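Enquirer: For reference, the structure I am asking about is given below.
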Amino acid sequence: MKIKSGGVALSRIVAIGENLAARSAETGVEYLRLNRGVNAVVPIDLSEVISTIDFNTPQMQTYAPGRGFAELRDAISDEYFGGLASRDDLLIVPGAMNGLDLLVQSLDIERLWLPVYYWGCFFKQLHLRGVRHSTYESLDRLEAAIPSLRGSGVLVCDPGNPLGQKYDDERLLALLGKLNDAGVAVLFDSPYRRVFRDRTDTLYSRILPMENVVIVESFSKSMGLSGQRIGFVHTASRALYEELEKRAMYTNNGVNAFAQTLVLRLLATEAGRRAVSCFKEATARDIARNIAYLERRGLLAGEFYGESVPEGIFAIVGRTESQLLEHRIGSVSLDFFTRDESLAAYASRFSRICVSVPHAKFTEFFDRVP
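Counting from 1, position 77 in the sequence shown corresponds to residue 72 in my numbering; the numbering is continuous, with no gaps.
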C-alpha cells in the first residue's frame, strides 16, 4: 500500500525515556527521569473521589456530548473564570495537545509565531498540518512586531515550556490586549498555571472580553491527570467555536466519559477539591525548593529569565544532556527546542529538566553534579 508520509519523526523525548528505562534495567540502578513533563512530587489521591463514581450509569456507557458534559463546563467556568464564562464558549478536548492541534487546523492564518524556544512537538504538529511558523525572541520584540502580524497567529505559553519562565501578569495582559485589538489570533497555552494558582486567580476572567485570544488548558498538570487526556479550550469567537466543535466531533467523537466525570468530581465536590489542594500544595512546594536549590548551586541558567522568573515545572540548567546523564539524570538538550540554527550551538550547552519531583530525590542526584 502507498503511505502518505508526514515527514516528522517520533519525539526525541520519548526516545530518551526509553534509553533511560533500558539503562536502568541493564544496570539495576535508578535514573532520575527529568526528561518528562509529568508532575511526580506526589500522585493525586483519588481514592475518596473514585468511590463516589457509578460506572453503570447511562452517562458513563454512552458517547459523551461533543462539547463535553454541560455540568463540567459550568464547573470549569466557576473554577477558572469566577463563573463569568459561558458554557457555550467552552469545549472539552482530550488534552491541551489536541486543543492546540484543533486550533492550528481551524485558524486561517498565514503563519504562527512561536517563542524562539518552544515545545518541540509543537513544531512537528505544525509541520503535519502544513502551517508555516516564525519565532519571536521576547515579549518586547513581539509587541514591537504587532503591526506586521496581521493575518498571522501567535502562541504564548505561560508558564513556559521548555524554559519554565513566568511573565508578570500585568505585562502579559497588556500585550494580549494589544494583540487582540490588532486582530491577531493568540493561542494562550497555559497548562501549568493552575499548579501554582487557585480559584481566586482572575487572569482568565480578565481575558474573557478578548475575542481574538483563545485559552488552551489541561488538567494533566494541575491535577496530576496526564493519563486521562482531558483539557478545555475557551473562545469568545462563535465562528471559531463552531469550527472547533465540528473538527472535534469528527476527530474525537467526544471525550472519555470517565475522565470528564472524574474532573467534575474534583472541581465540584468537597472531597475532590481537597484532593486537588493537597496535590498542588505538595507539588508547588517541592518545585519551589528545587528551583531555589538550583539557584544556590549556580546550576540554574539565569540568562534565560531576563524578563521573567523561573516558576513553572521546567527549568534550564547550565549542564549538557550528556553531562547530566553521567550522573544518572535524564534531561533534554535545549537545542531540541529551537529551529533557529544560529542558536543551536549555544543551546546545546544547556538542558531542560522537569523540576516537579520530590525535593529529597532531586538533591540526592544533583548533589553529585559538579
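C-beta: ideal position from N, C-alpha, C; glycine also.
Keep in mind it's a predicted model, so treat the numbers as computed, not measured.
Assign residue 380 to one of two classes, buried (16 or more other C-beta atoms within 10 Å of its C-beta) or exposed (fewer than that).
Expert: The question about residue 380 has no answer here: the residues shown for the chain are numbered -4 through 365.
Enquirer: What is the residue span of the alpha helix (DSSP H) that residue 89 lies within?
Expert: No alpha helix (DSSP H) contains residue 89, which DSSP labels as neither H nor E.
Enquirer: What did DSSP end up calling residue 180 once you bin it into helix, strand or coil?
Expert: strand
Enquirer: Assuming residue 349 contacts residue 308 (C-beta within less than 8 Å), just tell me the rounded distance between them.
Expert: 6 Å
Enquirer: Under 8 Å, do residue 70 and residue 329 count as touching if we go by C-beta distance?
Expert: Between residue 70 and residue 329, the gap from beta carbon to beta carbon reaches 8 Å or more.
Enquirer: So, is residue 2 buried or exposed, given that buried needs 16 or more other C-beta atoms within 10 angstroms?
Expert: Per the 10 Å Cβ criterion, exposed.
Enquirer: Go through its chain and collect everything with a Cβ distance to residue 345's Cβ below 7 Å, but skip five positions before and after it.
Expert: Closer than 7 Å at the Cβ level, and outside the excluded window around residue 345, lie 296, 311, 312, 313, 329.
Enquirer: Does the beta-carbon of residue 51 have 16 or more other beta-carbons within 10 angstroms, so that it is buried, or is it exposed?
Expert: By the 16-neighbour rule on beta-carbons within 10 angstroms, residue 51 is exposed.
Enquirer: Is the CB-CB distance between residue 91 and residue 212 below 8 Å?
Expert: yes
Enquirer: Take every Cβ of the stretch 230 to 246, pair it with every Cβ of the stretch 265 to 280, and state whether three or more of those distances are shorter than 8 Å.
Expert: With contact defined as three or more Cβ pairs closer than 8 Å, the stretch 230 to 246 and the stretch 265 to 280 are not in contact.
Enquirer: Report the option in 256, 93, 267 whose CA atom is closest to the CA atom of residue 239.
Expert: 93
Enquirer: Could you tell me which residues DSSP pairs with residue 328 in its beta bridges?
Expert: Partner(s): 346.
Enquirer: Quick one: residues in its chain with C-beta nearer than 8 Å to the C-beta of residue 260, no 5 flanking neighbours on either side, listed in chain order?
Expert: 44, 47, 48, 266, 267
Enquirer: Can you tell me the Cα-Cα spacing of residue 159 and residue 284, whole angstroms?
Expert: 15 Å
Enquirer: Which residue marks the beginning of the beta strand (DSSP E) containing residue 58, and which one marks its end?
Expert: Note, residue 58: premise wrong, no beta strand (DSSP E); not H, not E.
Enquirer: Could you give the first and the last residue of the continuous beta strand (DSSP E) run that contains residue 357?
Expert: No beta strand (DSSP E) holds residue 357; the alpha helix (DSSP H) holding it covers 354 to 361.
Enquirer: By how many angstroms is the C-alpha of residue 9 removed from the C-alpha of residue 61?
Expert: 31 Å
Enquirer: For residue 32, count neighbouring Cβ atoms within 10 angstroms of its own Cβ and tell me buried if that reaches 16, exposed if not.
Expert: buried
Enquirer: Would you call the stretch 217 to 234 and the stretch 330 to 341 touching, i.e. three or more CB-CB distances under 8 Å?
Expert: no
Enquirer: Quick one: what does DSSP say residue 141 is sitting in, helix, strand or coil?
Expert: helix
Enquirer: Can you tell me which residues form a DSSP beta bridge with residue 311?
Expert: 347
Enquirer: Report the three-state DSSP secondary structure of residue 104 (helix, strand or coil).
Expert: coil
Enquirer: Spell out a yes or no on whether the stretch 140 to 147 and the stretch 102 to 111 are touching, meaning 3 or more CB-CB pairs, one atom from each, closer than 8 Å.
Expert: yes
Enquirer: Rounded to whole angstroms, what's the CA-CA distance from residue 225 to residue 286? Just pull it up for me.
Expert: 28 Å
Enquirer: For residue 316, is the classification buried or exposed, using 16 other Cβ atoms within 10 angstroms of its Cβ as the cut-off for buried?
Expert: Classification for residue 316: buried.
Enquirer: Could you check what DSSP says for residue 28 in three-state terms: helix, strand or coil?
Expert: strand
Enquirer: Less than 8 Å between the C-beta atoms of residue 191 and residue 279, yes or no?
Expert: yes
Enquirer: At what residues does the alpha helix (DSSP H) containing residue 117 begin and finish?
Expert: 115 to 124
Enquirer: Relative to the C-alpha of residue 6, which residue among 117, 166, 82, 78 is closest?
Expert: Checked all of 117, 166, 82, 78; the closest Cα to residue 6 is 117.
Enquirer: Provide the residue span of the beta strand (DSSP E) that contains residue 151, from first to last.
Expert: Going by DSSP, residue 151 is part of the beta strand (DSSP E) stretching over 148 to 152.
Enquirer: Starting from residue 210 and walking both ways along the beta strand (DSSP E), at which residues does that stretch end?
Expert: 208 to 213
Enquirer: Tell me the residue span of the alpha helix (DSSP H) that contains residue 44.
Expert: 42 to 45
Enquirer: Is it buried or exposed, residue -4, if we count other Cβ atoms within 10 angstroms and call 16 or more buried?
Expert: exposed
Enquirer: Where are the alpha helix (DSSP H) runs, 4 residues long or more, that stay fully inside the stretch 210 to 284, in chain order?
Expert: 214 to 217, 233 to 247, 252 to 263
Enquirer: How close, in whole Å, do the beta carbons of residue 80 and residue 203 come, if the pair is a contact with beta carbons under 8 Å?
Expert: Right, their Cβ atoms sit about 6 Å apart.
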